[in-house]
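Read through the structure below, which is laid out as structure tokens, and then see the notes.
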Amino acid sequence: MGEYIFFMEVSEISDNGQISIPLELRKKYNLNTGDTIILKEKEDGLLIVPQTRISKLMGIYSENGFLEELKSLRREERIIQ
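Take 4 as the starting number for the sequence shown in this note's numbering and just add one per residue.
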């Protein structure tokens with residue numbers, strides 16, 4: 004199974020271990036100041052995954068159906084991995 008690179012950006016690690024996530028990716032994944040990400044160690048590097056907050060799921064049951072939204076989030080997670 005081949006890997007596809009959709010976006011590539013170089014980011015520098017600061018003295019205290021911080022990195023900057025490019026604006027385009029923050030917008031695409033709806034990342035905001037104070038949001039939490041998950042760092043997964045993989046065989047060939049690190050994978051950064053946005054952590055879904057429960058507050059983002061509130062109210063989706065009446066709009067799109069809770070089960071369908073969870074399935075959609077799972078599909079997105081597979082794409083990221």
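The beta-carbon is built from N, C-alpha and C at its ideal position, and this holds for glycine as well. Given the structure is predicted, the values throughout are model-derived calculations rather than measurements.
* E72 by DSSP, collapsed to three states: which one? -> Here the question's residue 72 lines up with position 69 in the sequence shown. In this structure, E72 counts as helix in the three-state DSSP scheme.
* Do Q54 and I40 have their CB atoms nearer than 8 angstroms? -> Within the sequence shown, numbered from 1, the residue matching residue 54 stands at position 51. Within the sequence shown, numbered from 1, the residue matching residue 40 stands at position 37. For the pair Q54 and I40, the CB atoms are nearer than the 8 angstroms cut-off.
* To do: Evaluate M4 with the Cβ neighbour count: other Cβ atoms within 10 Å of its Cβ, from every protein chain shown; 16 or more gives buried, anything less gives exposed.
  => Stepping through the sequence shown from its first residue, residue 4 is reached at position 1. Low confidence applies to M4: its pLDDT is 49, below 50, so where it sits in the model is not reliable enough to give any reading.
* Grab me the residues of Y32's own chain with a C-beta within less than 7 angstroms of its C-beta, minus the 5 sequence neighbours each way, in chain order. => Indexing the sequence shown from 1 puts residue 32 at position 29. Setting aside the 5 residues that flank it on each side, Y32 is surrounded in the same chain by P53, each with a C-beta closer than 7 angstroms to its C-beta; the list follows chain order.
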